[in-house]
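Engineer:
Protein chains in written order, with this note's numbering: chain A, 11 to 153; chain B, 3 to 362.
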């Protein structure tokens, strides 16, 4: 689509927040303000979503394979199998959700495990979780 | 949206699945329910952009005076329970919270009426006095002209919070509607409640929140004392005047018996830092908020216990943001604020967990 979606959504966000919302009152004004803010979030997410999901899914798959080795549990490695050839956001999101649920289970298990390998894996999981928050960060967020 | 529909004003919005509240339906109901408001007429009924969990309406009611003199006008707030909400509470609970706190040093509006039969308005409603002419905006507080007034607001915001913590719960009429708790049980009770809610409203994997939950389950604190906990005490839930004086503390629907540190921790969580800086609730730095609360409550906010409740606040908040996404996806409540809050807050709340756990 041209003009590109991200700048158009950002443009609409500005029009909604600065031009339309101020002309409304009360509940409607609040809704218009939130719709403007959501358009801005959509603008940011539109361009980066596929990229961040592909990067993240690959990172989590690597962690799950490692968890399978450290924890001696082949199910983690099996859960890591897959690819992201379907680049629709809905497909990438579904894979991401599944992978991160398994990562949550691996994280809980590794916390209970002693040893240098377990501590190193735990640190790597936290590194990925920190990176995931950075990938998802919204410019309008309070924190 | 407020529409003029002939002689009848209607307060509704396109997303509501409930029947609209009209001036005539409200007049008819009140004529029967409150006969002392003779010849009652409703004016200016409209929905306010307040809160996400309940619908809030403002209106004037005029009625014939008892002595036959000029008509009298009452300013009122109506709250209605929606069919689905991000907070599982009900009209009676909040109504009783307000009544219990009224007259104990914390400013709250006076409750007037509770109607629990949903047949009248599609959901239970309550009426309260409307304290008008005050402000309620965390965004407004970030404007430069408000900066000189923030210290006063902070003194009263965390001052009243500390006063609430200091109130002897034995003097309050709360046992008939608040679940019992002890200083030993409250942390586990609250965490169990919100984890259940998070699981019920699953909108996606929560690896960071679950790491926090595991930490919390390994480190339960014992409360210094049992207090009434407001449950959502922050700058966004107070009315303040032009000088920055707190005139009312609102939204008591999550009030419960618990550890008074819970309110303090909730008020300083990062997602409520509307100045996008270190000022908590967008008002003052954490150290100032904590010391103000300690002075007013006579209690200590020990760092380890406060950290537990700050992390708990993140879990509770994440459960609420997830519920907002879930009720929107289910179609049960499609107010704009539901997906807005889920989009805007979930990642920021995760980031707050990372900071508290030393992982950011």
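Ideal Cβ placement from N, Cα and C applies to all residues, glycine included.
Could you tell me which residues DSSP pairs with residue 45 of chain B in its beta bridges?
Structural biologist: B/62
Engineer: Residue 143 of chain A CB to nearest chain B CB: under 8 Å?
Structural biologist: So, interface residue.
Engineer: Please classify residue 172 of chain B: is it buried, with 16 or more other beta-carbons within 10 angstroms of its beta-carbon, or exposed?
Structural biologist: exposed
Engineer: For residue 185 of chain B versus residue 224 of chain B, is the C-beta distance shorter than 8 Å?
Structural biologist: yes
Engineer: Quick check: residue 74 of chain A and residue 113 of chain A, are their CB atoms within less than 8 Å of each other?
Structural biologist: The answer is yes: Cβ separation under 8 Å.
Engineer: Consult DSSP for residue 23 of chain B and reduce its assignment to one of helix, strand or coil.
Structural biologist: Strand, per DSSP.
Engineer: So is residue 210 of chain B in contact with chain A if we call contact Cβ pairs under 8 Å?
Structural biologist: yes
Engineer: Between which two residues does the beta strand (DSSP E) harbouring residue 128 of chain B extend?
Structural biologist: 127 to 131
Engineer: Since residue 79 of chain B sits in a beta bridge, which residues does DSSP pair it with?
Structural biologist: B/60, B/130
Engineer: Can you list the residues of chain A that residue 339 of chain B reaches, using a CB-CB cut of under 9 Å?
Structural biologist: 40, 41, 44
Engineer: Flag residue 107 of chain A as yes if its beta-carbon sits less than 8 Å from any beta-carbon of chain B, otherwise no.
Structural biologist: Under the Cβ distance rule, residue 107 of chain A counts among the residues neighbouring chain B, one pair being separated by less than 8 Å.
Engineer: Please name the residue or residues paired with residue 260 of chain B in a DSSP beta bridge.
Structural biologist: B/229
Engineer: Output needed for residue 23 of chain A: all residues of its chain with C-beta closer than 6 Å, excluding positions within five of it in sequence on either side, in chain order.
Structural biologist: 46, 49, 50
Engineer: Name the residues in the stretch 43 to 62 of chain B whose C-beta lies less than 8 Å from a C-beta of chain A; which are they?
Structural biologist: Taking 8 Å as the Cβ-Cβ cut-off against chain A, the residues of the stretch 43 to 62 of chain B that qualify are 48, 49, 50, 51.
Engineer: For residue 294 of chain B and residue 156 of chain B, which I take to be in contact (beta-carbon distance under 8 Å), what is that distance rounded to the nearest angstrom?
Structural biologist: 6 Å
Engineer: Applying a beta-carbon distance threshold of less than 7 Å, which residues of chain A neighbour residue 342 of chain B?
Structural biologist: 44, 47, 48
Engineer: Would residue 83 of chain B and residue 101 of chain B be called neighbours here (beta carbons separated by less than 8 Å)?
Structural biologist: No, Cβ-Cβ distance for residue 83 of chain B and residue 101 of chain B is not below 8 Å.
Engineer: Between residue 19 of chain A and residue 59 of chain A, what straight-line distance do the alpha-carbon atoms span, to the nearest angstrom?
Structural biologist: 15 Å
Engineer: Got a sec, what are the start and stop residues for the beta strand (DSSP E) residue 114 of chain B sits in?
Structural biologist: 113 to 117
Engineer: Following the continuous alpha helix (DSSP H) through residue 100 of chain B, name the residue where it begins and the one where it ends.
Structural biologist: 93 to 103 is the extent of the alpha helix (DSSP H) around residue 100 of chain B.
Engineer: To the nearest angstrom, report how far apart residue 310 of chain B and residue 208 of chain B are at their CA atoms.
Structural biologist: 19 Å
Engineer: DSSP state of residue 11 of chain B, grouped into three classes?
Structural biologist: Low confidence applies to residue 11 of chain B: its pLDDT is 48, below 50, so where it sits in the model is not reliable enough to give any reading.
Engineer: Please check if any C-beta of chain A sits within less than 8 Å of the C-beta of residue 24 of chain B.
Structural biologist: no
Engineer: Taking only three categories from DSSP, how would you classify residue 290 of chain B?
Structural biologist: helix
Engineer: For a contact meaning CB atoms closer than 7 Å, what does residue 148 of chain A contact in chain B?
Structural biologist: 346, 349
Engineer: With H, G and I counted as helix, E and B as strand and the rest as coil, what does DSSP make of residue 195 of chain B?
Structural biologist: helix
Engineer: In angstroms with no decimal places, state the Cα-to-Cα distance between residue 314 of chain B and residue 16 of chain A.
Structural biologist: 36 Å
Engineer: Name the chain B residues whose beta carbon is nearer than 9 Å to that of residue 151 of chain A?
Structural biologist: 273, 278, 346, 347, 349, 350, 353
Engineer: Taking just the CA atoms, how far does residue 40 of chain B sit from residue 328 of chain B?
Structural biologist: About 44 Å.
Engineer: Apart from the five residues just before and just after residue 8 of chain B, which ones in its own chain have a Cβ nearer than 6 Å to its Cβ?
Structural biologist: Residue confidence is low: residue 8 of chain B scores 34 on pLDDT, short of 50, so the model does not pin down where it sits. No coordinate-derived value is stated.
Engineer: Check the Cβ-Cβ distances between residue 54 of chain A and every residue of chain B, and say whether any is below 8 Å.
Structural biologist: no
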